[in-house]
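FYI, the working numbering numbers position 191 of the sequence shown as 215, with every residue one higher than the one before it. Encoded as structure tokens, the structure appears first; notes follow it.
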Amino acid sequence: SWSGGSNQQPSDYRTTPYLLSHCRKNSRTFWSISADFIKQFIPICNGNHLWTLTFCRESVKDKTPMVLLHGFGCGVGLWAQNLEALSQHRPVFALDLLGFGQSTRPLFSTDPQEAESQFVESIEQWRAKVGVKSMILLGHNLGGFLAVSYSIKYPGRVKHILLVEPWGFPESQDTVEDDRPIPVWIKALGAMFSPFNPLAGLRLVGPLGPILVQTLRPDFKRKFSSLFTDNTVPEYIYHLNVQSPSGETAFKNMTGSCGWAKRPMLQRMDQLQPVIPITIIYGSRSSVDSDSGSTIREMRPNSHVDIITIRGAGHYVYADQPEDFNHTVLRVCEKVD
């Protein structure tokens, strides 16, 4: 069983049986967490549930909690090297976003704005259900995009935003630079695969899926090598994404050509209240363009905007350099009550 936790599962929840058995069977090994925590499905509207891990030590229960929002195609398991350290100083919640991980996989709107709203409202319904009054929102990739979208609509619920390698901020560009146009073959591939969900190939190869993940992304095994030496992490990622592509379809509908957001967040940053501080964390080895961070700082001259680069880290900063990441996040949040 999981360390210290209850496991509440709604009777109407459906998911791949292997995923549930795999996660439970390997939970002690996979998470390598000694702190007590609770794991449960939090019911929200329309019969949906969000899979949630809750860490709340008695000594820090009155501190503002931190809520972790994962990125595209990920789940709470990838915070394995961060949860215990971050929960030493305040309550921490990690949830699988609606349509991802072990959370319910509903039908999302095909309209980008409506799909985004469904994500945001699911987070607000989750917050009200667990009884969190205000929080620190930490989002990676898609989670960062949703953290700001949520904060624009519900500013009174957010004390600080931490954006980790966020997706969806800059506007679409036909060229990266005037003298470096996007190659025609890349545009052709993008057009050819545009009708399909991003991870459709993973499902098409059937039982070869785990091998495909291990072959294409051997770095995931290396990122967690301090915890396990087998293929637990690649298998976890495979089983997260081989299910019904609910959140994945929503993400596709929110995404334009070459991965740009159809509703880029930079266009809406003026709607975010200036009193909400923002910290943006990038990896020094990441291919994500950090110019958005500088743009946000320029757009908010009267607000707190801090940009931090973690050396030796790529896009998955929290897994590439977990100790530096944890220390950085704890330091940033020291002033939050």
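Backbone N, C-alpha and C define an ideal beta-carbon position, used for all residues, glycine too. The model shown is predicted, which means the values in this text are computed figures rather than measured ones.
To the nearest angstrom, report how far apart residue 116 and residue 357 are at their CA atoms. 12 Å
Check the C-beta distance from residue 162 over to residue 93 and give it rounded, since I have them as a contact under 8 Å. 7 Å
Which of helix, strand or coil does DSSP assign to residue 263? helix
With respect to the beta strand (DSSP E) encompassing residue 125, which residues constitute its N-terminal and C-terminal limits? Per DSSP, residue 125 belongs to no beta strand (DSSP E) and is neither H nor E.
By the three-class DSSP mapping on this structure, what secondary structure does residue 178 have? It is coil, neither helix nor strand.
In or out: residue 298 buried (at least 16 other Cβ within 10 Å) or exposed? With fewer than 16 Cβ atoms within 10 Å of its Cβ, residue 298 is classed as exposed.
What is the rounded straight-line gap between the Cα of residue 233 and the Cα of residue 175? It is roughly 37 Å from the alpha-carbon of residue 233 to the alpha-carbon of residue 175.
Among 156, 264, 154 and 238, the one whose alpha carbon lies nearest that of residue 253: 238
Tell me which same chain residues have a C-beta within less than 7 Å of the C-beta of residue 88, skipping the five on either side of it? 114, 158, 159, 160, 183, 360 and 361
Residues bridged to residue 330 (per DSSP): 303
Could you tell me which whole alpha helix (DSSP H) segments of length 4 or greater appear in the region 239-296? 243-247, 256-265 and 270-278
My parser needs the beta strand (DSSP E) runs of 3 or more residues fully inside the region 62-121; what are they? 62-67, 73-79, 90-93 and 116-119
Hey, residue 166 and residue 283 are a contact pair by Cβ (cut 8 Å); roughly how many whole angstroms apart? That belief does not hold up - the Cβ atoms of residue 166 and residue 283 are roughly 11 Å apart, past 8 Å.
Going by DSSP in three states, residue 356 sits in which element: helix, strand or coil? In the structure shown, residue 356 sits in a helix (DSSP, three-state: H, G or I).
In or out: residue 85 buried (at least 16 other Cβ within 10 Å) or exposed? exposed
Does the region 101-108 come close enough to the region 337-353 to have 3 or more Cβ pairs within less than 8 Å? yes
Since I believe residue 277 is in contact with residue 134 (beta carbons under 8 Å), could you give me their beta-carbon distance rounded to a whole number of angstroms? The beta-carbon separation of residue 134 and residue 277, rounded to 5 Å, stays under the 8 Å limit for a contact.
Exposed unless 16 or more other CB atoms sit within 10 angstroms - verdict on residue 118: Residue 118 is buried by the Cβ-count criterion.
DSSP three-state assignment for residue 153, whether helix, strand or coil: helix
Limits of the unbroken beta strand (DSSP E) element including residue 163: 159-164
Residue 69 burial status per 10 Å Cβ neighbour count (16 or more: buried): exposed
With a threshold of 16 other CB atoms inside 10 Å of the CB of residue 326, please say whether the residue is buried or exposed. Residue environment for residue 326: exposed (fewer than 16 other C-beta atoms within 10 angstroms of its C-beta).
DSSP-derived helix/strand/coil call for residue 226: helix
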